[in-house]
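Asks: Residues -23 to -1, 1 to 370 in mature numbering (1 follows the signal peptide of the UniProt record, and there is no 0) are what the sequence shown spells out, letter by letter.
Even for Gly, the Cβ is constructed at its ideal location relative to N, Cα and C.
Because the structure is a prediction, the values reported are computed rather than measured.
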Amino acid sequence: MRKSKLGIILCAALLAAACGSGGDEGGDTAQAAGLPSTIKIGVPLDLSGAAGIAGVGTSERDGVRLAAKEINDTGFLGGSKVELVEIDTKADKQEAVQAVLKLAADKVDAVVGFTLTPSFLAAGPQLQQNGIPTMAVGLSSAGVTEVGDYMFRLYPDMANVMPPADKEFAETFTGLKTAAYLYQSDSEAAKIVIGKRKETLEAAGITTVGEETFVGTDTDVRAQLTKLKQANPDVLVTMPLPGMMSTIYLQLDEIGYDGPVFMAPDVSDATMEQAGQAMQCFVYVTAWNGQSTEGNNAHFLDYWKQHGEKRSATVFEAAGYASLWSMAHAFKEAGTTDKKTVRDTLAGLSDIDTPFGKIGFTDNRTASVKGTKLQIVDSKITLFDPQTAAACK
């Protein structure tokens, strides 16, 4: 009897030690908690097709691959390894649907991917129907998480990021009482975002004195800009897509507008090369920027430099990296690949270090990205500083 009791006590002690040895050290803890030796992650991204889209998808894939390497090399999931099941969705909705059906048949444990919103909206319902936790990597349009409660998004809806930044910018440029707006009317996303920006500034007491639009095929917006200048606004708020940025800002400089401008996000290197001098003191917010010191951005950039492709990291690599790491945190905390448990755990995550800052997921399963505020000074993009911004010109 004494030997039996001793055996029971020793067994209980060993079990308690195994259950209580969690943490980021890895080891076999994750497997003991119920994770299999391999966790299969589907990665449907646009890797071919139009060069611009394929370039984005390839960058997103490289970010996912970088995260998988780090997760596996550091033993973040204990004895479990992440296995990526990559599929080229070719910027085509039907290809995306077929990819999702294949991933479901392959019994993947989760999906991290999608480059284009239309492809996701076509394929996402199949993922929802199969109850597969899914992280959309780089989709910025509305409607992603509305597909179902297994759908999450890493890249934020900029309609929720830009208005709070506009409010802070307005507080920096004291004395703003009026605003005028210029946006691309054939972009549904641009219309939604400009509407929310306008609503925010009006709530802050800034009256609208002008509103003009253009379409993506326009090459001359001097007439619209002249009308807005004649309205004498204290600030101009713009919402062009990247292809029109240089044109608008050069023509704005040409007509002699010299007030503050709250810009659209994601200013490209090409825009800076063409119109940097004309954009002096402009301010804007973007989801991610390499200069950000938030979250683990410095670590991500260093790890990319050591192990990534021989090019500078962009927002797309950062999004792929952060997306897979978010999913890895969910598996680690869940201690299982049970899809509902992983979904519920992912929804409850908070304070995850990512290149986008510390994030969790909101009630509608969108990453709580606040964005990085920037300003342009002497043709250089710098972190926003209220003191230098207010004294600019």
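Should the region 20 to 29 be regarded as contacting the region 57 to 68, the criterion being three or more beta carbon pairs within less than 8 Å?
Replies: Enough Cβ pairs lie closer than 8 Å, so yes.
Asks: For Thr185 and Tyr127, I'd like the C-alpha separation in whole angstroms.
Replies: For the purposes of this step, residue 185 is identified with residue 208 of the sequence shown, where counting begins at 1. For the purposes of this step, residue 127 is identified with residue 150 of the sequence shown, where counting begins at 1. Straight-line Cα distance between these residues: approximately 40 Å.
Asks: Could you check if His276 is buried or exposed, using at least 16 other CB atoms within 10 Å of its CB as the buried criterion?
Replies: As a working note, residue 276 is residue 299 in the sequence shown. Classification for His276: exposed.
Asks: CB Asn273 to CB Thr331, shorter than 8 Å?
Replies: Here residue 273 is taken as the residue at index 296 of the sequence shown, counted from 1. Here residue 331 is taken as the residue at index 354 of the sequence shown, counted from 1. Against a cut-off of 8 Å, the Cβ pair of Thr331 and Asn273 comes out as a contact.
Asks: Measure from the alpha carbon of Gly32 to the alpha carbon of each residue in Val138, Gly101, Val77 and Leu93, then state which is nearest.
Replies: By one-based count along the sequence shown, residue 32 stands at place 55. Closest by alpha carbon: Leu93.
Asks: Determine whether the beta carbon atoms of Lys168 and Tyr158 lie at a separation below 8 Å.
Replies: As a position in the sequence shown, residue 168 is number 191, starting the count at 1. As a position in the sequence shown, residue 158 is number 181, starting the count at 1. Not in contact: Lys168 and Tyr158 (Cβ atoms no closer than 8 Å).
Asks: Contact between the region 188 to 206 and the region 223 to 231: three or more CB pairs below 8 Å?
Replies: Yes: at least three Cβ pairs fall under 8 Å.
Asks: When you compare the CB positions of Leu54 and Lys316, do they come within less than 8 Å of one another, or not?
Replies: By one-based count along the sequence shown, residue 54 stands at place 77. By one-based count along the sequence shown, residue 316 stands at place 339. Contact: no.
Asks: Using 8 Å as the limit for Cβ to Cβ distance, is Ala27 near chain C?
Replies: The displayed structure is made up of one protein chain only, and chain C is not part of it.
Asks: Which residue wins for smallest C-alpha separation from Lys370, given the options Ile329, Asp362, Gln352 and Cys258?
Replies: For the purposes of this step, residue 370 is identified with residue 393 of the sequence shown, where counting begins at 1. It is Cys258.
Asks: What is the C-beta distance between Met135 and Pro242, in whole angstroms, given that I count them as a contact (C-beta under 8 Å)?
Replies: Translated into the one-based positions of the sequence shown, residue 135 becomes position 158. Translated into the one-based positions of the sequence shown, residue 242 becomes position 265. Met135 to Pro242, Cβ: 6 Å. Contact.
Asks: Could you give the DSSP three-state label for Glu286: helix, strand or coil?
Replies: Here residue 286 refers to the residue found at position 309 of the sequence shown. In the structure shown, Glu286 sits in coil (DSSP, three-state: anything other than H, G, I, E or B).
Asks: Going by other Cβ atoms of all chains shown within 10 Å of its Cβ, with 16 needed for buried, is Asn209 buried or exposed?
Replies: As a position in the sequence shown, residue 209 is number 232, starting the count at 1. Answer is exposed; the Cβ neighbour count stays below 16.
Asks: So the alpha helix (DSSP H) Val77 belongs to, where does it begin and stop?
Replies: Indexing the sequence shown from 1 puts residue 77 at position 100. Val77 -> alpha helix (DSSP H) spans Lys70 to Ala82.
Asks: Would Leu80 pass as a contact of Gly19 if the rule is Cβ separation under 8 Å?
Replies: Counting from 1 along the sequence shown, the entry for residue 80 is found at position 103. Counting from 1 along the sequence shown, the entry for residue 19 is found at position 42. Cβ distance < 8 Å, so Leu80 and Gly19 count as in contact.
Asks: Can you tell me which of the three DSSP states Lys204 falls into?
Replies: Locating residue 204 in the sequence shown gives position 227, counting from the first residue. Correct three-state label for Lys204: helix.
Asks: Looking at the structure shown, is Asp143 part of a helix, part of a strand, or coil, going by DSSP?
Replies: As a working mapping, residue 143 is identified with position 166 in the sequence shown. In this structure, Asp143 counts as helix in the three-state DSSP scheme.
Asks: In chain order, what residues of the same chain have a beta carbon less than 7 Å from the beta carbon of Ala27, not counting five sequence neighbours either side?
Replies: If you number the sequence shown from 1, residue 27 lands on position 50. Counting only Cβ-Cβ distances below 7 Å, and skipping sequence neighbours, we find Ala68.
Asks: Between which two residues does the beta strand (DSSP E) carrying Pro21 extend?
Replies: Residue 21 sits at position 44 when you count from the first residue of the sequence shown. Residues Thr15 to Leu22.
Asks: Which parts of the region 240 to 298 are runs of the beta strand (DSSP E), unbroken and 3 residues or longer, counting only runs that do not cross its ends?
Replies: With a minimum length of 3 residues, the continuous beta strand (DSSP E) runs that stay inside the region 240 to 298 are 260 to 263.
Asks: The alpha helix (DSSP H) with Val41 in it runs from where to where?
Replies: Stepping through the sequence shown from its first residue, residue 41 is reached at position 64. Note, Val41: alpha helix (DSSP H), Ala28 to Asp50.
Asks: Take Ser96 as the anchor and find which of Ala295, Gln75 and Ala82 has the nearest alpha-carbon.
Replies: Start at 1 with the first residue of the sequence shown, and residue 96 comes out as number 119. Of the listed residues, the one whose Cα sits closest to Ser96 is Gln75.
Asks: Can you look up Phe308 in the DSSP assignment and give me helix, strand or coil?
Replies: Here residue 308 refers to the residue found at position 331 when the sequence shown is read from its first residue. It is helical.
Asks: Say whether the region 34 to 50 touches the region 289 to 299, bearing in mind that this needs 3 or more beta-carbon pairs closer than 8 Å, one atom from each stretch.
Replies: Yes, the region 34 to 50 touches the region 289 to 299.
Asks: For Asn266, which residues in the same chain have their Cβ closer than 7 Å to its Cβ, ignoring the five residues on either side in sequence?
Replies: Reading the sequence shown from its first residue, position 289 is the one you call residue 266. The answer, listed in chain order, is Thr349 and Leu351.
Asks: Below 8 Å on the Cβ atoms is my guess for Met139 versus Val262; work out the distance and round it to an integer in Å.
Replies: Here residue 139 refers to the residue found at position 162 of the sequence shown. Here residue 262 refers to the residue found at position 285 of the sequence shown. Contact flag correct, Cβ pair sits at about 6 Å.
Asks: For Val192, count neighbouring C-beta atoms within 10 Å of its own C-beta (all shown protein chains included) and say buried if the count is 16 or more, exposed if not.
Replies: For this step, residue 192 is matched to residue 215 along the sequence shown. Looking at its Cβ environment, which holds fewer than 16 other Cβ atoms inside 10 Å, Val192 is exposed.
Asks: Helix, strand or coil, according to DSSP, for Ile109 in the structure here?
Replies: Translated into positions along the sequence shown, residue 109 becomes position 132. Coil.
Asks: Assuming Val114 and Val89 are in contact, meaning their beta carbons sit under 8 Å apart, how far apart are those beta carbons, in whole angstroms?
Replies: By one-based count along the sequence shown, residue 114 stands at place 137. By one-based count along the sequence shown, residue 89 stands at place 112. Val114 to Val89, Cβ: 6 Å. Contact.
Asks: Cα separation between Tyr234 and Met256?
Replies: Taking the sequence shown and counting its residues from 1, the one referred to as residue 234 is at position 257. Taking the sequence shown and counting its residues from 1, the one referred to as residue 256 is at position 279. Approximately 11 Å between the Cα atoms of the pair.
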